Every structure is written in C-alpha cells, then in structure tokens.
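Heads up, the thing below is written out as structure tokens.
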Amino acid sequence: VDLLRATAYPPAAEQDSSTRFLYARYYFSEGTALSLKEAAAFMNYQQALLAYQQKAWSRCQELLARAQQLHAHPMFDVLERAIWLQLANQEASIRESTFYLWQLWEAQAGQPWLDELLRRFDYSVRQINRPTKWQIDSIYQAFQVGFGDHQQAQARLREHYFVLSAQQEADAGHTVQVLNLMDSLYILRPNNAEIQDILAGVMVRSLRKERRFAEGLKRIAYYEQHYPFLKTNPIFQDQHLFYRAEQVHHHFEQENELLGLRCLQEFEQLLEQSGSTPRLAAWVTTAYLAASNFYFRARSYPQARIYIEHALQHAPEDDYLLHRRDVLARY
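Start counting the sequence shown at 2; every next residue gets the next number (this note's numbering).
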C-alpha cells in the first residue's frame with residue numbers, strides 16, 4: 002500500500018482512503034480464489050517484490066514482465082511504476098532517469114511527475130555552459146512532444162522556456178530580445194507576484210555587465226516604463242540604487258560638490274521609495290562615504306561626520322561605517 006501511495010496510482014479521491022480499502026481494491030479482497038495461472042503470476046510478482054527490496058531493478062522488471070504475461074492485475078502496474086520511480090531518481094544518468102520519468106507521465110499524466118519533469122527541463126538547459134538559442138529550443142521541443150496535448154503542462158513548460166531563453170539573451174546583452182521574451186511571459190500572467198519577481202531577476206541579470214551608471218540609469222528608466230511594477234520591486238530597485246550610488250561616488254570623486262549633492266538627493270529619494278532591498282547597506286555605504294570623504298578632504302570634518310551618521314541610520318550595524326565614525330571622532 003505504501004508503494005501504491007508513493008506512485009500516485011489511485012485517483013485523487015482515493016488517496017486518503019484507509020489501508021484496508023486500498024488493499025482490497027488494488028490487491029486482494031478477503032476470500033479471493035486464484036486460478037493456477039493467477040497463482041503463477043502472483044509467485045512471479047512475489048519474487049519481483051523481493052528483487053525490488055534488494056534494489057535489483059533489472060531482475061525485478063524481468064520477473065514482473067513474466068507476471069504480467071500470465072495475468073493482468075493493478076498491483077503489477079503499481080510495482081512497475083515503483084520501479085520506474087526508483088530508476089527516475091537515479092543520479093548516475095540524467096538521460097536514462099528522465100526516460101523512466103516519462104514512463105510514469107505516460108502512465109498517469111499530472112502531478113507529481115509534472116513538477117519533476119519541469120525541473121529536469123530546467124536542469125537540461127542549465128547544465129550546458131552558455132546554451133545557445135538552438136540548444137534551448139531543441140530541448141524545449143523534445144519536452145513539448147513528451148507533454149503531448151496536456152494543456153497545463155504545455156503552459157507551464159512555455160513559462161519555463163521564456164524564462165530560460167530570456168536569461169540566455171540577458172547574459173548575451175540582447176536587451177530587445179529579453180523584452181520580447183518577457184512580454185510573452187508577462188502576457189500569460191501579468192498580475193502574478195512570482196512571475197513579476199522572475200521578470201525583475203531577468204532584468205537585473207541583463208544589467209549585470211553594465212557598470213556605467215549613465216547607461217545603466219537609461220536602461221532602468223526604459224524597463225520601468227515598460228513594466229511599471231518594477232518601480233516597487235525590491236530586486237530591481239536594488240540595482241537602481243547601485244547605479245545611483247555609483248553616480249554619487251563618481252561626482253564626489255571628481256570634486257564636483259554641486260552635482261554630487263544633487264545626485265545624493267536623488268539617491269535619498271529613491272532610498273525612501275524603495276525601502277529594504279537585498280544589498281541596501283552596500284549602496285548606502287558607497288553613496289554616503291563618497292560624500293563624507295569629499296568633505297574630509299576639504300577639512301570640513303563636522304560635515305564629514307554628518308554623512309557617516311546618515312549612512313548609519315540605514316545600515317546601523319555596518320562595521321566599516323562604525324569604524325569610520327570612530328576615526329572621524331578624532332577630528
């Protein structure tokens with residue numbers, strides 16, 4: 002009965018039924034009489050069970066095939082699926098294990114096999130170093146064929162395909178292609194928070210190679226206009242803060258006080274709007290430390306201390322800021 006439940010063999014309505022009910026329905030009810038042929042099939046099944054316990058999968062399949070030739074019974078199907086499940090979980094060969102996962106899918110399309118097959122799709126793409134569009138499309142088409150006319154599976158596969166393809170284009174720096182793919186995904190589920198986080202992650206990924214703050218801020222503005230939800234997404238706004246902090250740092254390093262202060266004000270406005278983001282402390286340190294160092298070089302020590310205090314309001318436990326405050330206290 003444990004195998005019965007593990008292989009999701011009973012329909013959903015029977016999954017929580019009692020052990021006694023499941024045993025009677027899928028194995029033997031009380032007083033069942035067996036013919037000689039059925040008894041021979043059952044003996045092969047018992048030997049197959051023993052081989053299963055010993056993890057002798059090939060031997061188990063061989064004995065089970067003999068049983069199935071003699072007689073058809075649900076318990077034989079359950080053991081067959083259990084073997085497939087064991088083989089599908091083998092890590093030695095992903096291709097072979099995925100073959101058996103497809104066997105489970107063909108026997109009973111749906112969960113839990115759908116989630117695992119989608120995970121295998123992701124893995125098949127991600128294990129390739131810098132996959133090309135052709136490679137992603139080829140894997141996608143193979144899984145499309147496997148899922149057949151199962152609409153839910155095809156829809157979820159399509160979402161995974163758009164994400165992986167967009168990540169590949171993002172890594173290549175192809176902004177237009179990224180937006181086209183993300184548009185396709187966004188249309189499918191425009192108000193879904195999970196999809197929005199995925200979109201934000203892909204957008205940030207497309208910006209990783211862009212270290213120039215001026216170009217980065219242009220692309221940030223373009224993306225926010227295209228996808229308004231990015232204005233409140235902490236993952237995306239974290240990247241926005243990075244560019245603003247770099248802008249502040251640049252102008253103060255160029256000894257341009259007026260532009261530095263103007264950009265610092267813009268950074269502070271964004272800081273207030275964004276709230277907590279993943280790397281907030283780093284960008285706060287970059288921006289305020291640049292201002293503090295500028296005034297330190299100008300021997301305006303009180304002003305230098307003020308900006309360190311501003312930074313500590315947002316990153317109170319930052320070791321470097323605490324150290325810098327101690328240093329400035331001597332001046």
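Glycine included, C-beta positions come from ideal geometry on N, C-alpha and C. None of these values were measured; they are calculated from a predicted model.
Contact between M204 and F243 does not hold, since their C-beta atoms are separated by about 13 Å, which reaches or exceeds 8 Å. Beta-carbon to beta-carbon, I95 and Y124 are separated by about 7 Å, close enough to satisfy the 8 Å threshold. Looking at the backbone, the Cα of G202 and that of L231 are separated by about 10 Å.
Put simply, the region 296 to 303 does not touch the region 262 to 275. Fewer than three CB pairs are less than 8 Å apart.
For T176, the enclosing alpha helix (DSSP H) starts and ends at 176 to 189. Shown here, G276 sits in coil according to DSSP, grouped into three states, outside any helix or strand. In this structure, the beta-carbon distance from L119 to L158 falls below 8 Å. A residue is called buried once 16 or more other Cβ atoms fall within 10 Å of its Cβ, and P317, having fewer, is exposed. Within the same chain, and ignoring the five residues on either side of F100 in sequence, no residue has its Cβ closer than 6 Å to its Cβ. Secondary structure of K56 (DSSP, three-state): coil. Boundaries for F230: no alpha helix (DSSP H) harbours it, and the DSSP string shows neither H nor E there.
Rounded to whole angstroms, the separation of the alpha carbons of A292 and E256 is 10 Å. By the criterion of a C-beta distance shorter than 6 Å, E211 is surrounded in its chain by G217, once the five residues flanking it on both sides are discounted.
In the same chain as R190, and ignoring 5 residues on each side of it, the C-beta atoms closer than 6 Å to its own belong to I196, in chain order. Contact check for R325 and I309: beta-carbon distance about 5 Å, within the 8 Å limit, so the pair qualifies. Annotation: the continuous alpha helix (DSSP H) that includes E310 extends over 302 to 315.
Distance from the CA atom of A68 to the CA atom of A42, rounded to whole angstroms, is 4 Å.
No Cβ-Cβ contact shorter than 8 Å links L65 with L51.
In this structure, L329 lies near Y302, with their beta-carbon atoms less than 8 Å apart. The beta-carbon distance between L281 and R245, rounded to whole angstroms, is 12 Å. This is too long to meet the 8 Å contact definition. Per DSSP, reduced to three states, the secondary structure at Y332 is coil, with no helix or strand assignment. Your pair E97 and Q104 does not check out as a contact, with CB atoms roughly 11 Å apart and the cut at 8 Å.
Restricting attention to H311, V179, T133, A57, the CA atom closest to the CA of L208 is found in V179. Taking C-beta separations shorter than 6 Å and ignoring five residues to either side along the sequence, the partners of L313 in its chain run L322, following chain order.
DSSP, reduced to helix, strand and coil, places G261 within a helical segment of the structure shown. In this structure, the alpha-carbon of N234 lies about 18 Å from that of I188. According to the DSSP assignment, T133 belongs to no alpha helix (DSSP H), since it is labelled neither H nor E. A distance below 6 Å between beta-carbons, with the five flanking residues on each side excluded, links C61 to the following residues of its chain, in chain order: A49, A52, Y53, I84. A distance below 6 Å between beta-carbons, with the five flanking residues on each side excluded, links A89 to the following residues of its chain, in chain order: S98, Y101, L102.
When the Cα atoms are used, A173 and L262 turn out to be separated by approximately 35 Å. Sixteen is the threshold: since fewer than 16 other Cβ atoms of the shown chains lie within 10 Å of the Cβ of S59, the residue is exposed. Judged by DSSP in its simplified three-state form, R220 adopts helix.
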